[in-house]
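Visitor:
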Amino acid sequence: MIKQKTMNFKTFIIVFVLGGTFLSACQKNTDLFVPDPGQLNGPDTNWVSSITASTPVTHLKNNLLFEPYRDSIIVSSNISTVITSFGVQLIFPPNCTISSTGQTLTGKTIIEIVQVKTKGDMVRLNLPTTSYDRLLVSGAQLFISLKNNGQVAVLAPNKKITILYTDPVPNSLMKFFPGDESNAVKFNWLNNTDITNNYVNAILQSYEITTNHLRWISCAYLYDTTGIARVNVTASLAPYFTNANTTVFTVFKDFKSVVGMYGDVNSRRFSSSKLPVGKAITVVVISKQGNDYYLGYQSTITSTNAPTSANQVVSIVPIKRSLSDIIYYLKTL
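Each residue of the sequence shown is one higher than the one before, counting from 1 in this note's numbering.
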């Protein structure tokens, strides 16, 4: 009898250990983890009234940036063409650049180009597809800058560049939107007030963009919300995810749109502008706290529970991830 009891106890221990190992293995494959409070080293729950260069969220955004493509042209009386390795072609007219003070420039001009390919790129570069909180569907986003002998160069008066941006199925609804970088926290796409010099044509399998505008440019169209109920999406997070260390986005699944969810100091919540109801979205949370990075995401369908409801709360528990893991995830969006 004693031997039998010993065997039962050993059997119990084996089953307990194997069961614990199994549960641990399963847990590693889940997306939802509650972070150990000790790993946060005394979490900072303070919200800030303004974001500065030293604020952790600024370091986070800088660490998510990627290197631009670089090429050059010789400024002369000839047309210059740049063909990138990723299918973007730029055509520069003769004698097209001047200094920011209006001086004529000659010789080599360095060109930097950033192509935003995916919705994950939009999150990395803090480039929501919104214009004055109106939802845009993106066709292309590009950054173009010029330098000559170390000086910032601009396009000379009456000079325009032509950009051919490949797209398998171009949309004739696309319009030109210049980027507004004046607010470091909330990027905005502006209305095009100069349609004579800035416009988009959908041709074959590409967009032909003509513009006298440098830096951020986009071709996009306004998402039609006529007759569609809309809702604000709010992220419910632990108190140590604040506007000082965290950035939050709503990513649409079925079309190329990304909406920034900006932190409100008074409510201490991250919320979107009004979004169309009945759309599949993923709310993505990225945070930098000390030397640690956190990633959380939750997929859902935009909805209202009642005609008077204008807010949808999505609960998210970010977990500690490496920066490379976060970047890898963003590539899947």
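Positions of the beta carbon are idealized from the N, C-alpha and C atoms, including for glycine. Values in this document were obtained by computation on a predicted structure and should not be read as measured data.
Nearest-angstrom Cα distance between Arg321 and Val233?
Guide: Reading the sequence shown from its first residue, position 321 is the one you call residue 321. Reading the sequence shown from its first residue, position 233 is the one you call residue 233. Computed Cα separation, rounded: 25 Å.
Visitor: Contact between the stretch 160–167 and the stretch 244–259 is defined here as three or more beta-carbon pairs at a separation below 8 Å; is this criterion met?
Guide: Counting Cβ pairs under 8 Å, fewer than three are found: no touch.
Visitor: Can you tell me the Cα-Cα spacing of Asn192 and Pro178, whole angstroms?
Guide: Within the sequence shown, numbered from 1, the residue matching residue 192 stands at position 192. Within the sequence shown, numbered from 1, the residue matching residue 178 stands at position 178. Rounded to the nearest angstrom, the two C-alpha atoms are 7 Å apart.
Visitor: Using the DSSP secondary-structure output, state which residues sit across from Tyr262 in a beta bridge.
Guide: Position 262 of the sequence shown holds residue 262. DSSP, once it has assigned bridges, lists Ser271 as partnering Tyr262.
Visitor: Can you confirm whether the stretch 130–150 touches the stretch 251–259 when touching is taken to mean that 3 or more C-beta pairs between the two stretches lie within less than 8 Å?
Guide: Segments in contact, yes.
Visitor: May I ask which residues mark the beginning and end of the alpha helix (DSSP H) holding Asn148?
Guide: Working through the sequence shown from its first residue, we reach residue 148 at position 148. Note, Asn148: premise wrong, no alpha helix (DSSP H); beta strand (DSSP E) at 134–148.
Visitor: Is the stretch 53–67 touching the stretch 91–105, taking contact as three or more C-beta pairs under 8 Å?
Guide: The stretch 53–67, when compared against the stretch 91–105, does not touch it at the 8 Å Cβ threshold.
Visitor: Tell me whether Pro56 sits in a helix, a strand or coil according to DSSP, three-state version.
Guide: Position 56 of the sequence shown, counted from the first residue, corresponds to residue 56. Looking at Pro56 - three-state DSSP - the assignment turns out to be helix.
Visitor: Determine, using beta carbons only, whether Arg124 and Phe66 come nearer to each other than 8 Å.
Guide: Translated into the one-based positions of the sequence shown, residue 124 becomes position 124. Translated into the one-based positions of the sequence shown, residue 66 becomes position 66. A contact, by the Cβ cut-off of 8 Å.
Visitor: So, at 6 Å on beta carbons, what are the nonlocal neighbours of Val114 in its own chain, with the 5 sequence-adjacent residues on each side left out?
Guide: Taking the first residue of the sequence shown as position 1, residue 114 is located at position 114. Hits under 6 Å: Pro68, Phe143.
Visitor: Can you give the beta carbon distance from Asp44 to Tyr294, rounded, assuming they're within the 8 Å contact cut?
Guide: To locate residue 44, count along the sequence shown from 1; it is residue 44. To locate residue 294, count along the sequence shown from 1; it is residue 294. About 13 Å separates the two Cβ atoms, so there is no contact after all.
Visitor: Give me the residue from Thr302, Ala53, Lys331 with the minimum Cα distance to Gly278.
Guide: By one-based count along the sequence shown, residue 278 stands at place 278. Comparing Cα positions, the closest option is Thr302.
Visitor: Would you kindly report the start and end of the unbroken beta strand (DSSP E) that includes Val185?
Guide: Stepping through the sequence shown from its first residue, residue 185 is reached at position 185. Taken as a continuous stretch (DSSP letters only), Val185 belongs to no beta strand (DSSP E), as it is neither H nor E.
Visitor: CA-CA distance, Ser357 and Ile73?
Guide: No answer is possible for residue 357: the residues shown for the chain start at 1 and end at 333.
Visitor: Run the CB neighbour count on Thr102, radius 10 Å, all protein chains shown included, and call it buried at 16 or more, exposed below.
Guide: Against the sequence shown, residue 102 aligns to sequence position 102. Note on identity: in this sequence residue 102 is Gly, with Thr being the wrong assignment. The residue is exposed, with fewer than 16 neighbouring Cβ atoms inside 10 Å.
Visitor: Quick one, which of Ile91, Val75, Val169, Ile319 has its alpha-carbon nearest Lys147's?
Guide: Counting from one through the sequence shown, the residue named residue 147 turns up at place 147. The residue with the shortest Cα to Cα distance from Lys147 is Val75.
Visitor: In the structure shown, what three-state DSSP assignment does Gln298 receive?
Guide: Position 298 of the sequence shown holds residue 298. DSSP places Gln298 in strand when its eight states are reduced to three.
Visitor: Just the C-alpha distance for Lys274 and Val200, rounded to the nearest angstrom, thanks.
Guide: Your numbering for residue 274 matches position 274 in the sequence shown. Your numbering for residue 200 matches position 200 in the sequence shown. Approximately 27 Å between the Cα atoms of the pair.
Visitor: By DSSP, does Phe33 sit in helix, in strand, or in coil?
Guide: Indexing the sequence shown from 1 puts residue 33 at position 33. For Phe33, the predicted model reports a pLDDT of 43, less than 50, meaning its position is unreliable; a value from the coordinates is still stated below. Phe33: coil per DSSP, three-state reduction.
Visitor: Rounded to a whole number of angstroms, what is the C-alpha to C-alpha distance between Leu335 and Leu214?
Guide: Past the boundaries of the shown model lies residue 335; the chain is included only from 1 to 333, so the question cannot be answered.
Visitor: Find out if the Cβ-Cβ distance for the pair Lys253, Thr282 is shorter than 8 Å.
Guide: Taking the sequence shown and counting its residues from 1, one reaches residue 253 at position 253. Taking the sequence shown and counting its residues from 1, one reaches residue 282 at position 282. A contact, by the Cβ cut-off of 8 Å.
Visitor: Where are the alpha helix (DSSP H) runs, 4 residues long or more, that stay fully inside the stretch 82–130, in chain order?
Guide: Whole alpha helix (DSSP H) segments, 4+ residues: 119–124.
Visitor: Output the distance between the C-alpha atoms of Lys117 and Thr81, rounded to the nearest integer angstrom.
Guide: In the sequence shown, residue 117 corresponds to position 117, counting from 1. In the sequence shown, residue 81 corresponds to position 81, counting from 1. Taking the straight line joining both Cα atoms gives about 22 Å.
Visitor: From Asp264, Arg230, Tyr297, Ser287, pick the residue whose C-alpha is nearest to that of Asn305; which is it?
Guide: Counted from its first residue, the sequence shown places residue 305 at position 305. Comparing Cα-Cα distances from Asn305 to each of Asp264, Arg230, Tyr297, Ser287, the minimum goes to Arg230.
Visitor: For Asn126, which option in Ser100, Ala184, Ser218, Trp47 has the closest C-alpha, if you only look at C-alpha atoms?
Guide: To locate residue 126, count along the sequence shown from 1; it is residue 126. Of the candidates Ser100, Ala184, Ser218, Trp47, the one whose C-alpha sits nearest the C-alpha of Asn126 is Ala184.
Visitor: Along the chain, where does the beta strand (DSSP E) containing Tyr69 start, and where does it finish?
Guide: Reading the sequence shown from its first residue, position 69 is the one you call residue 69. Run containing Tyr69: 69–75, per the beta strand (DSSP E) assignment.
Visitor: What are the partner residues of Phe241, as DSSP defines its beta bridges?
Guide: Mapped onto the sequence shown, residue 241 falls at position 241. Per DSSP, none; premise fails for Phe241.
Visitor: Within the same chain, show all residues whose beta-carbon is closer than 6 Å to that of Asp71, passing over the 5 residues directly before and after it, in chain order.
Guide: Looking up residue 71 in the sequence shown gives position 71. Here the set comprises Val82, Ile111.
Visitor: In terms of DSSP beta bridges, what is Ala280 paired with?
Guide: Counted from its first residue, the sequence shown places residue 280 at position 280. Bridge partners of Ala280: Ile301.
Visitor: Apart from the five residues on each side of it in sequence, which residues of its chain come closer than 7 Å, Cβ to Cβ, to Pro318?
Guide: Position 318 of the sequence shown, counting from 1, holds the residue named residue 318. These residues qualify, in order along the chain: Phe241, Val285, Ser287, Tyr294, Leu295, Gly296.
Visitor: Under 8 Å between the Cβ atoms of Lys119 and Val251?
Guide: Against the sequence shown, residue 119 aligns to sequence position 119. Against the sequence shown, residue 251 aligns to sequence position 251. Going by C-beta atoms, Lys119 is nearer than 8 Å to Val251.
Visitor: Determine, using beta carbons only, whether Ser145 and Trp189 come nearer to each other than 8 Å.
Guide: Residue 145 sits at position 145 when you count from the first residue of the sequence shown. Residue 189 sits at position 189 when you count from the first residue of the sequence shown. The answer is no: Cβ separation not under 8 Å.
Visitor: DSSP has Ile319 in a bridge; who is on the other side?
Guide: On the sequence shown, position 319 is the one that residue 319 refers to. Partner(s): Leu295.
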